[in-house]
Every structure is written in C-alpha cells, then in structure tokens.
Amino acid sequence: MAPLEPWEKVFINLGRRDNVGEIDYHLAEFSCVDCHGGKSDQFNNMEKAHTGLIKDPSEYHLLDGENNSCGGASNCHNAIVSEYKNSLHQQLWGEKRMVALRFGVDNFEACPTETQVGYSGECTSCHATCGDCHISIPNSAGQGFISSHRFRKTPDQSNNCTACHGSRIAHDFYGDAETGRKGDIHFEKFMDCLDCHTQAEMHTGITDTENTHRYNYDLAPSCTQGCHTDSVALEVRNIYHVQHFADLTCHVCHSQPTYNNCTGCHVKNEWQTDPVYQANNPVEDFKIGLNPLPGHSNAKYATLRHIPIAPDSYSNWGPVSANIPAYDTRETWKFTTPHNIRRFTALTDTTGGVGCMASCHPYQGSDNRDYFLFRNFIQSEWGNEVDANRNVVVDDDLPPLWR
C-alpha cells in the first residue's frame with residue numbers, strides 16, 4: 063500500500079462536524095491526555111504539551127501508576143485486553159517456540175539473553191496492538207489514521223489485515239492481474255478475513271504457550287467447520303475425492319501454483335526484495351511434501367513453503383546467536399495454507415477430458431515432479447538444509463502408482 067505523508071498520518075478531518083467528539087464516541091468521552099498522556103494545560107507550548115507523550119496507548123503503558131491502555135483505569139475493555147496480551151497476535155508464541163527449539167531448549171526464556179534481546183528488537187516489531195487493528199494502519203506498514211481517529215469495531219481488511227499480511231496472503235487472495243492468476247474463490251464470493259478468522263481467534267489468550275502453533279490452535283479456521291461441514295459428502299463428491307480425501311490436505315489440489323513465498327521479500331533481515339538473493343535462487347513456489355503437522359491434519363501430504371531461515375540467520379544478534387545449534391532439528395519447508403483456493407487449478411482441471419493424474423502424479427520424467435519436494439531439489443539449491451527437511455521430502459513415500 064502507498065505510504066501516507068507525515069501530516070496525513072495524524073490529520074483529523076472534521077469535515078462538517080463541529081468538534082472531534084462528533085467523530086467517535088470515545089473522543090467525546092475522553093480527552094487526548096486520558097490515553098496519550100502529555101500536559102493539556104500547556105497548549106501554547108508544543109514541547110511542554112508533549113511531555114510524557116505516549117504514541118500508542120494500546121501498548122500497555124502506565125500513566126500515573128495506572129494502565130492507560132484500552133482496558134486501563136477506565137475499565138472499558140478489561141476482559142478483552144487481559145486476554146489479548148497473551149494472544150497469538152500479540153505475543154507471536156509460535157515464533158518464540160521455534161526460536162527456542164532451534165536453539166535446543168524447551169522455551170524462549172531458556173534461549174541466550176542476547177538472542178531474546180535480538181528477537182525482541184526485530185521480530186516483535188510486527189506484533190499488533192489494539193490500535194493497529196482498530197484505529198490506524200499498523201506500525202509495521204507505515205502507520206497513520208485510517209479515518210480521522212475513529213475507533214473501528216471491525217478492522218479494515220485492506221488497511222489493517224493485509225497491510226501486515228500483504229506480501230503472501232494479499233497477493234494470493236486478491237489475485238495478480240500482471241500474471242493473470244485469479245484471486246481466491248472466497249474473495250470472489252465477497253468473503254473477507256473475518257469470515258474465517260474470528261474475533262475469538264484474534265483476541266483469546268494462550269495458556270499452553272510452550273506447545274502452541276498457529277495451526278494447532280483450537281480456534282484456528284477449518285474448512286469443515288462452518289462452511290464445508292459435511293465431510294462425508296465431500297469425501298465421496300467425485301472420484302478424485304474418493305481416492306485422495308484422506309491422504310491430501312485440501313490445499314494440495316486446490317491451491318494455485320505461482321505462490322508468493324516468504325523469501326521473495328524477507329531475506330537478509332530486510333523487509334524488501336534482495337536482488338543478490340533473487341539472482342542466486344529459484345523462484346520459490348510451494349511444494350507438496352509430507353505433512354509435518356499430523357496433529358493439525360491427518361493427511362499424509364500437505365503444501366509446504368520455504369521459510370527464510372539459515373544457520374546464520376541470527377548472526378546480527380551477537381556471537382552466541384551466530385550459529386543456530388539445533389538448526390537441523392526443524393524443517394525449513396513448513397506446513398502452509400495458501401490463500402489462493404480455486405476449484406480448478408493446474409492440478410485439478412479436468413474440463414478438457416484429461417484426468418487429474420496426468421496433471422499431478424509425479425511419474426519419472428514428468429514435469430509434475432516439480433510440484434513435489436524431493437531431496438535432490440533441496441540439495442541443488444540449499445545444501446545445508448537437506449538434513450533439516452529429511453522428514454518432509456517425498457522420495458521414499460510416494461505410492462507405487464505415482465512413481
């Protein structure tokens with residue numbers, strides 16, 4: 063999304079209104095200093111007026127000894143705030159867990175101190191405060207009011223959700239006019255993020271923080287809960303479902319190739335495309351591999367994405383973090399659910415009279431093998447990642463009829 067000019071980020075447009083209280087109920091009930099601090103009696107002196115200013119009150123700051131966040135002394139949204147401060151969206155529990163496991167320890171607090179500090183200085187810059195979803199464009203996307211400091215009960219999909227989740231999810235969900243790839247069928251049906259990702263999923267606190275993964279979270283969306291509820295009917299809907307429903311996740315067949323992977327933007331600790339990396343690495347699509355999360359889905363095969371993690375990824379955090387000690391214990395091709403679902407994809411389109419096996423089964427010498435994650439593919443591009451992915455490559459686990 064296009065960045066706002068500095069003045070646009072903080073400009074409150076009254077329009078036909080007489081005062082800010084007419085913009086939103088909260089602005090009528092509370093003064094600026096109730097949430098942001100500062101000195102209201104110094105309105106003729108900018109520097110003094112901004113003494114003790116709190117830029118984002120929803121970051122759980124203390125003001126005069128009391129919490130002035132959205133659930134602060136006013137007791138407004140206490141229940142939500144007390145839950146949200148331990149939520150996946152706020153704490154990124156899954157990321158902390160993976161950092162710990164790659165260091166060979168059980169929890170994030172057991173990681174070296176410099177690793178914890180480095181993580182907090184970089185990775186947590188993306189966690190979402192209340193204001194990031196309900197007032198402004200998120201901090202990680204450039205900041206700025208969406209509509210004159212109105213408090214929006216429902217986040218704006220473009221300015222909030224995909225402002226953060228833009229490089230992969232928005233690219234997939236909305237489609238790509240340049241390549242001609244269609245958007246997700248759910249987008250065409252006018253569904254938005256909150257149709258699947260509920261308020262409870264966003265707000266609820268996590269209690270079992272050491273075993274939490276966003277896909278093993280009991281409030282995570284499911285294709286068969288709420289929409290495609292009759293799994294028995296789905297299983298026998300057509301001959302392809304009869305044969306593959308139990309062994310393949312929905313995304314294996316119904317995600318479109320030309321997936322925008324993480325490493326297209328997020329490499330060398332920068333949120334931008336790295337031309338050196340791109341020149342020396344292939345365009346990375348998702349691959350079909352062995353399911354690394356049997357607790358989430360009982361399917362044997364799943365779509366996997368290549369994540370930007372190397373043995374020296376944390377080297378800028380200090381010498382102790384320079385080489386990840388248990389790097390090979392966790393796969394670098396991770397379970398993924400691309401938001402680019404279609405009924406007919408390159409793997410499932412049988413409208414021309416050709417069975418899907420001709421478009422999917424990885425026979426020797428077939429181009430279809432490019433859809434699958436083989437050991438020699440990893441070896442040819444990322445030799446130091448072969449051992450880490452030994453449990454997700456398909457070399458020894460393809461059905462005889464697929465070989």
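Using our numbering, the first residue of the sequence shown is number 63, and each one after it goes up by one. Quick reminder that beta carbons are idealized off the backbone N, C-alpha and C, glycines included. Quick caveat: nothing in here was measured; it's all calculated off a predicted structure.
Check	Outcome
Three-state class that DSSP yields for G351 in the structure shown	strand
Inter-stretch contact at 8 angstroms, needing at least 3 Cβ pairs: the stretch 384-396 / the stretch 158-171	yes
Member of D246, P424 and C223 whose CA lies at the smallest distance from the CA of T260	C223
Close beta carbons around A364, own chain, < 6 angstroms, minus the five adjacent residues each side	T311, N353 and F397
Local Cβ density within 10 Å of N331, reported as buried at 16 or more and exposed below that	Model confidence at N331 stands at a pLDDT of 47, short of 50, so the residue's coordinates are unreliable and nothing is read from them.
C-beta contact flag for S313 and P400 at 8 angstroms	According to the sequence shown, residue 313 is His rather than Ser. Yes; because the gap between Cβ atoms is below 8 angstroms, this pair is in contact.
Assigned secondary structure, F507 (DSSP; H/G/I helix, E/B strand, else coil)	Since the first residue shown for the chain is 63 and the last is 465, residue 507 is missing from the structure and cannot be characterised.
Per-residue DSSP class, three states only, for K110	helix
Same chain, Cβ closer than 8 angstroms to L154, neighbours up to 5 away in sequence not counted	C185, T186, C188 and H189
Whole-number beta carbon distance between A361 and D309, since they are thought to touch under 8 angstroms	6 angstroms
Pairwise C-alpha distance: K71 and A232	23 angstroms
Residue burial classification, M264 (beta-carbon count within 10 angstroms, cutoff 16)	buried
Length of the line joining the Cα atoms of K251 and C285	15 angstroms
Cα-Cα separation, H306 to S131	50 angstroms
Burial state of V298 (16 or more Cβ within 10 Å)	exposed
Pick from L409, R392, D257 and A420 that is closest to N446, judged by C-alpha positions	R392
Segments assigned alpha helix (DSSP H), at least 4 residues, entirely inside the stretch 249-295	255-258 and 261-265
Spatial distance of W464 from H368 (CA atoms)	24 angstroms
Beta-carbon gap between T266 and S149 smaller than 8 angstroms	yes
Stretch-stretch touch, CB-based, cutoff 8 angstroms, three pairs: the stretch 242-257 with the stretch 207-219	yes
Assumed close pair I247, R404 - CB separation to whole angstroms, cut-off 8 angstroms	5 angstroms
Residues sharing a beta bridge with I403, DSSP	S317
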